[in-house]
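Take the sequence shown: its letter number 348 is residue 349 in the working numbering, and every next letter is one higher.
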Amino acid sequence: MTRYDLRFAGLLAAAVIVIGLGLGYGIGWLTRPGVPAPQAAPRGDVTFYPGARQDANKPTGRIPGYGDVYVNDYADLLDAAAEARIRADMIELYDHTGIEMTVLTIPALADFGHAGPIEPFATRLFNTWGIGNAASNDGVLVLVARGDRRMRIEIGAGYARSWDARMQRVIDDAFLPAFREDRYQQGIEAGVDETIFELTGAYPGEYGAGTLKRGIGRIWRAAGEHLLVALGLLGAAFGGVIAAIRRHFRNRPRRCARCGTLMTRADEEADDAHLDGGQRLEEFLHSVDYDVWHCPNTECGHMEITRHPAWFSSHGACPQCHYRTLSTTTEILERATTSSTGRKRVTYDCRNCPYHDTEDRTIPKKAKSSSGSSRSSFGGGSSSGGGASGSW
Ligand SMILES: [Zn+2]
Ligand SMILES: [Zn+2]
Numbered sequence: 002m003t004r005y006d007l008r009f010a011g012l013l014a015a016a017v018i019v020i021g022l023g024l025g026y027g028i029g030w031l032t033r034p035g036v037p038a039p040q041a042a043p044r045g046d047v048t049f050y051p052g053a054r055q056d057a058n059k060p061t062g063r064i065p066g067y068g069d070v071y072v073n074d075y076a077d078l079l080d081a082a083a084e085a086r087i088r089a090d091m092i093e094l095y096d097h098t099g100i101e102m103t104v105l106t107i108p109a110l111a112d113f114g115h116a117g118p119i120e121p122f123a124t125r126l127f128n129t130w131g132i133g134n135a136a137s138n139d140g141v142l143v144l145v146a147r148g149d150r151r152m153r154i155e156i157g158a159g160y161a162r163s164w165d166a167r168m169q170r171v172i173d174d175a176f177l178p179a180f181r182e183d184r185y186q187q188g189i190e191a192g193v194d195e196t197i198f199e200l201t202g203a204y205p206g207e208y209g210a211g212t213l214k215r216g217i218g219r220i221w222r223a224a225g226e227h228l229l230v231a232l233g234l235l236g237a238a239f240g241g242v243i244a245a246i247r248r249h250f251r252n253r254p255r256r257c258a259r260c261g262t263l264m265t266r267a268d269e270e271a272d273d274a275h276l277d278g279g280q281r282l283e284e285f286l287h288s289v290d291y292d293v294w295h296c297p298n299t300e301c302g303h304m305e306i307t308r309h310p311a312w313f314s315s316h317g318a319c320p321q322c323h324y325r326t327l328s329t330t331t332e333i334l335e336r337a338t339t340s341s342t343g344r345k346r347v348t349y350d351c352r353n354c355p356y357h358d359t360e361d362r363t364i365p366k367k368a369k370s371s372s373g374s375s376r377s378s379f380g381g382g383s384s385s386g387g388g389a390s391g392s393w
């Protein structure tokens, strides 16, 4: 090892320590306990709820209407992306099993003139909306009353009593831990996933998936998004280390292969005099960089040219002259639709030699979007009060 190598090893070790500390801090920051969100302001009236049903004869209050059969986030606990993910999960569940599942969050039961426990409110709402298929009564309602710090999973009359305990486990294990830290969005997403797993034996996105894929999906789910972020950081750090190693070996002092004298590297302009036209063009296109090393021993005068291809380049290797000077352009001849394939023409031109080629390729059909998403009302199902509740 030369002194240059030792210095490099020291720098590398320092970089690894800094990256490790940064990663640790990053993960710590990402997994910090949730900051409690400000309490929703009490609302004087509830007329903004779509179709809120007023029933003067019932002292128990009103039932909110729904604007959507999948998610109604009246307490504003979900951001737009989470709401879209949950909606997609509900649509997928319906497409695969016919189960109508819906998520409703409300600021408080009192907003609907309801005092007392959440259970009668949930049952009445379930039956007013008519959640689930009317014949099989397999609907599922997830209701979160944020201000009351109470929730309920109400299930249709088609589920046997044994399902109550299963729903209780989902509430206790998946919803409540995050709710206790005021992380409502995470709790609802985890809870919805777990409810769907309890209902179908598969997590969202895993219907009909193989055992291995399901297993990997499960590990992924358990590790959560933090693992993804950590892997991303690790990948970036790793890339940086690899780049440093490459640079090290490129800049490392080298000895003349003939006489053993330490060689000197020519600067970029002096390089060009020793490169041929194709090599100069590669440098111009930034697809390859060349270093020219000279032996300062005048009796030897040996010269070495080292080649360093760029990691990312829009130019490929030319099949004719073999320089990395081949450009590719793509022209769409016919766009693909959901019913027909498209065509595109790919043209190859070498910037260094007369090589020219074209080929026509097929563009695959566009994927159809999910089919059941046009549902706009519930199937008329009913509940006889089955399900489970939780508070935090
Ligand atoms: Zn030499
Ligand atoms: Zn060429």
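Glycine is no exception: its CB is placed at the ideal position from the N, C-alpha and C atoms. On a predicted model such as this, the values are computed, not experimentally measured, just so you know.
Is the separation between the beta-carbon of residue i and that of residue j shorter than 8 Å?
i      : j      : result
Val145 : Met152 : yes
Gly386 : Gly131 : no
Gly192 : Gly157 : no
Gly343 : Glu332 : no
Tyr71  : Arg86  : no
Arg325 : Ser288 : yes
Ala83  : Glu190 : yes
Leu235 : Leu22  : no
Arg281 : Asp273 : yes
Tyr5   : Arg253 : yes
Cys354 : Cys301 : no
Thr348 : Thr359 : yes
Asp74  : Thr106 : yes
Ala258 : His295 : no
Ile100 : Leu200 : yes
Tyr160 : Asp139 : yes
Gly388 : Ile154 : yes
Mapping the DSSP letters down to three states, classify residue i as helix, strand or coil.
i      : result
Ala267 : coil
Ala161 : coil
Gly140 : coil
Ala258 : coil
Leu228 : helix
Leu22  : helix
His316 : coil
Asp149 : coil
Gly387 : strand
Tyr349 : strand
Glu199 : helix
Ala105 : It is Leu, not Ala, that sits at residue 105 in the sequence shown. Of the three classes helix, strand and coil, the one that applies to Leu105 here is strand, per DSSP.
Pro60  : Per-residue confidence for Pro60 stands at a pLDDT of 48, beneath the threshold of 50, marking its modelled position as unreliable; the derived number appears in the next sentence. Looking at Pro60 - three-state DSSP - the assignment turns out to be coil, as it is neither helix nor strand.
Trp221 : helix
Arg344 : strand
Glu249 : The residue asked about is misnamed: residue 249 is His in this sequence, not Glu. In this structure, His249 counts as helix in the three-state DSSP scheme.
Gly381 : strand
Tyr185 : helix
Glu190 : helix
Which residue marks the beginning of the beta strand (DSSP E) containing residue i, and which one marks its end?
i      : result
Thr307 : 304-310
Arg362 : 357-364
His295 : 289-295
How far does the alpha helix (DSSP H) with residue i in it extend, from its first residue to its last?
i      : result
Glu335 : No alpha helix (DSSP H) contains Glu335, which is instead part of the beta strand (DSSP E) from 327-335.
Val70  : It is not in any alpha helix (DSSP H) - Val70 carries neither H nor E in the DSSP assignment.
Trp130 : 119-130
Glu284 : 278-285
Thr98  : 81-98
Phe113 : Unbroken run through Phe113: none, as it is neither H nor E.
Pro178 : 177-181
Can you give the Cα-Cα distance for residue i and residue j, rounded to whole angstroms?
i      : j      : result
Ala237 : Arg248 : 16 Å
Phe180 : His309 : 54 Å
Gly391 : Met91  : 22 Å
Glu270 : Leu232 : 41 Å
Gly11  : Leu286 : 35 Å
Pro121 : Ser340 : 49 Å
Ser123 : Thr98  : According to the sequence provided, residue 123 is Ala. The question's Ser does not apply to it. The alpha-carbon atoms of Ala123 and Thr98 are separated by roughly 23 Å.
Asp77  : Gln186 : 10 Å
Thr329 : Pro178 : 54 Å
Leu13  : Asp268 : 26 Å
Gly114 : Ile64  : 9 Å
Ala175 : Asp165 : 15 Å
His357 : Ser315 : 16 Å
Phe127 : Lys367 : 38 Å
Arg150 : Trp393 : 6 Å
Leu110 : Asp69  : 20 Å
Gly62  : Ile364 : 57 Å
Glu182 : Arg147 : 13 Å
Any beta carbon from chain D within less than 8 Å of residue i's own beta carbon?
i      : result
Ala237 : Checking the listed chains, one finds no chain D in this structure; it contains a single protein chain.
Could you check if residue i belongs to the surroundings of ligand 4, using beta carbon to heavy atom distance under 7 Å?
i      : result
Pro297 : As for ligand 4, it is missing from this structure, which binds only ligand 1 and ligand 2.
Starting from the N-terminal end, write out each residue whose C-beta falls within a distance shorter than 6 Å of any non-hydrogen atom of ligand 2.
-> Per the Cβ criterion, the list is Cys319, Gln321, Cys322, Tyr324, Thr326, Cys351, Asn353, Cys354, Tyr356.
Which residues count as close to ligand 1 when the rule is a CB under 6 Å from any of its heavy atoms, in chain order?
-> Applying a distance threshold of 6 Å between residue Cβ atoms and the heavy atoms of ligand 1 selects Cys257, Arg259, Cys260, Thr262, Cys296, Asn298, Cys301, His303, given in chain order.
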